[in-house]
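J.:
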Amino acid sequence: MTASHSMPPDAPSPARNLDHAEVERFRRIASEWWDAKGKFRPLHQLAPARLTFVRDELVRHFGLTTSGLKPLKGLRVLDVGCGGGLVSEPLARMGARVVGLDPGRENVEAARAHVEGQTGSGGLDLTYRVGLVEELAAEGLQFDAVVSLEVVEHVPDAGAFVKTCASLVRPGGALVLSTINRNLKSYALAIVAAEYVLGWLPRGTHQWDRFVTPEELSGFVTAAGMGAPTFKGIVYDPLNDTWSLSADTDVNYLCFAARELVE
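Okay, so the sequence shown: first residue is 166 according to our numbering, each after it adds one.
1. Starting from the N-terminal side, write out each stretch of the beta strand (DSSP E) that is 3 residues or longer and does not extend beyond the region 245-290.
2. Let me confirm a value: residue 185 is counted as buried when at least 16 other C-beta atoms fall within 10 Å, else exposed. Which label applies?
3. Tell me whether the region 273-285 and the region 326-339 touch, counting them as touching only if at least three CB pairs, one residue from each stretch, are closer than 8 Å.
4. Quick test of the definition: if touching needs 3 or more C-beta pairs under 8 Å, does the region 376-385 touch the region 314-328?
5. Tell me whether the beta-carbon of residue 320 lies closer than 9 Å to the beta-carbon of residue 375.
6. Please return the same chain residues whose Cβ sits closer than 8 Å to the Cβ of residue 217, not counting the five positions on each side in sequence.
7. Does the region 301-318 come into contact with the region 286-293, if we say contact requires no fewer than three beta-carbon pairs (one atom in each stretch) closer than 8 Å?
8. What's the gap between the Cα of residue 167 and the Cα of residue 420?
9. Rounded to whole angstroms, how far is the Cβ of residue 315 from the Cβ of residue 280, which I believe are closer than 8 Å?
10. Among 194, 258, 307 and 339, which residue has its Cα nearest to the Cα of residue 238?
11. Can you name, in chain order, every residue of its own chain whose Cβ lies under 8 Å from the Cβ of residue 423, other than the five neighbours on each side?
12. Quick check on residue 176: buried or exposed, where buried means 16 or more other Cβ atoms within 10 Å of its Cβ?
13. Apart from the five residues on each side of it in sequence, which residues of its chain come closer than 8 Å, Cβ to Cβ, to residue 247?
14. Which residues does DSSP pair with residue 340 in a beta bridge?
15. What whole-angstrom Cβ distance do residue 215 and residue 343 have, given they're in contact under 8 Å?
16. If contacts are defined as beta-carbon pairs under 8 Å, then residue 242 and residue 261 qualify, I think. What distance do you get, rounded to the angstrom?
17. I need the straight-line Cα distance from residue 412 to residue 378, nearest angstrom please.
18. Look at residue 381 and residue 345 and say whether their C-beta atoms are less than 9 Å apart.
19. Name the DSSP bridge partner or partners of residue 397?
20. In the DSSP assignment, the beta strand (DSSP E) including residue 431 goes from what residue to what residue?
21. Whose C-alpha, out of 189, 398, 230 and 251, is nearest the C-alpha of residue 198?
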């Protein structure tokens with residue numbers, strides 16, 4: 166499904182904003198994407214809060230209704246850095262027409278295999294493709310919403326990545342991102358505790374200097390032509406071993422921004 170594209174000789178290569186070591190790290194454990202007790206356990210635990218935010222913000226923005234099983238019916242959504250489909254598949258089950266994009270072929274194969282193995286998956290409008298977001302931008306594609314969760318902190322140039330994602334949002338559409346704040350608290354919790362003490366994530370999953378503050382992300386989003394973003398935190402409750410939405414954006418947080426309609 167990936168088309169070939171010609172680029173001017175002096176145009177920057179899309180691959181320059183791709184960290185091949187990061188892609189390789191996730192490629193090696195692609196078979197574990199849907200193991201809720203495996204290396205991706207934190208993402209499975211984050212899923213209810215993240216999906217609630219995405220659903221509610223898109224429903225609110227597009228004037229949809231939460232009644233029924235498919236509140237996102239009619240929306241065309243791109244999931245950038247979809248991995249094994251932990252976000253793409255639920256969004257498709259909510260009625261959205263979803264394209265899941267990832268640079269790791271093994272990740273996409275895992276996503277396809279999972280949806281094919283599920284009962285009731287025949288009615289899903291869900292397409293996966295291997296490639297870079299820059300390639301889709303070069304094709305001139307547009308979506309009602311572009312979603313990219315836990316990806317910003319894994320690319321070399323976060324500002325350029327956000328700009329490219331935003332270029333795929335149609336006028337009147339929406340951009341939803343999630344990432345990790347950069348401060349001493351996030352270093353202690355997202356790296357020291359999560360990777361070295363509790364072992365929730367493989368060591369080396371995150372690089373603290375690539376974490377992005379809400380102020381920085383706000384700048385990237387508005388520079389990309391989107392409206393002023395809103396933020397929501399996700400916090401962990403150790404007593405109940407659950408994650409929930411919160412006003413606290415000190416560590417994990419989500420971002421929503423809309424593109425104005427062209428008059």
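Built from N, CA and C at the ideal position, the CB exists for glycine as well. All of these numbers come straight from a predicted model, not from anything done at the bench.
T.: Well, looking at it:
1. 262-267
2. Here residue 185 refers to the residue found at position 20 when the sequence shown is read from its first residue. Label assigned to residue 185: exposed.
3. no
4. yes
5. Working through the sequence shown from its first residue, we reach residue 320 at position 155. Working through the sequence shown from its first residue, we reach residue 375 at position 210. For residue 320 and residue 375, yes; Cβs fall inside 9 Å.
6. Counting from 1 along the sequence shown, the entry for residue 217 is found at position 52. Cβ within range, chain order: 410.
7. no
8. Taking the sequence shown and counting its residues from 1, one reaches residue 167 at position 2. Taking the sequence shown and counting its residues from 1, one reaches residue 420 at position 255. With a pLDDT of 34 at residue 167, under the threshold of 50, the predicted position of this residue should be treated as unreliable, though the coordinate-derived value follows. Residue 167 and residue 420: Cα-Cα distance of roughly 29 Å.
9. Counting from 1 along the sequence shown, the entry for residue 315 is found at position 150. Counting from 1 along the sequence shown, the entry for residue 280 is found at position 115. Between residue 280 and residue 315 the Cβ distance is about 20 Å, and since that is not below 8 Å, they are no contact.
10. As a working mapping, residue 238 is identified with position 73 in the sequence shown. When only C-alpha atoms are compared, the closest one is 258.
11. Within the sequence shown, residue 423 is the residue found at index 258, counting from 1. The residues are 226, 337, 338, 339, 340, 391 and 392.
12. The sequence position of residue 176 within the sequence shown is 11, counting from 1. Note on residue 176: pLDDT 40, under 50, position unreliable in the model; the coordinate value appears next. Exposed, because fewer than 16 other Cβ atoms sit within 10 Å of the Cβ of residue 176.
13. Along the sequence shown, one-based indexing puts residue 247 at 82. The answer, listed in chain order, is 253, 265, 266, 267, 272, 273, 276 and 293.
14. In the sequence shown, counting from the first residue as 1, residue 340 sits at position 175. Beta-bridge pairing links residue 340 to 311 and 422.
15. Position 50 of the sequence shown, counted from the start, is the residue given in the question as residue 215. Position 178 of the sequence shown, counted from the start, is the residue given in the question as residue 343. About 6 Å; that satisfies the 8 Å criterion.
16. Walking along the sequence shown from the start, residue 242 turns up at place 77. Walking along the sequence shown from the start, residue 261 turns up at place 96. Going by Cβ atoms, the distance from residue 242 to residue 261 rounds to 4 Å, so yes, they are a contact pair.
17. One-based indexing of the sequence shown puts residue 412 at position 247. One-based indexing of the sequence shown puts residue 378 at position 213. Answer to the nearest angstrom: the Cα atoms are 15 Å apart.
18. In the sequence shown, residue 381 corresponds to position 216, counting from 1. In the sequence shown, residue 345 corresponds to position 180, counting from 1. Contact flag unset, no.
19. The residue labelled residue 397 in the question sits at position 232 within the sequence shown. In the DSSP output, where bridge partners are listed per residue, residue 397 has 419.
20. Because the chain is modelled from 166 through 428, residue 431 falls outside the range shown and cannot be assessed.
21. Here residue 198 refers to the residue found at position 33 of the sequence shown. Closest option to residue 198, Cα to Cα, is 251.
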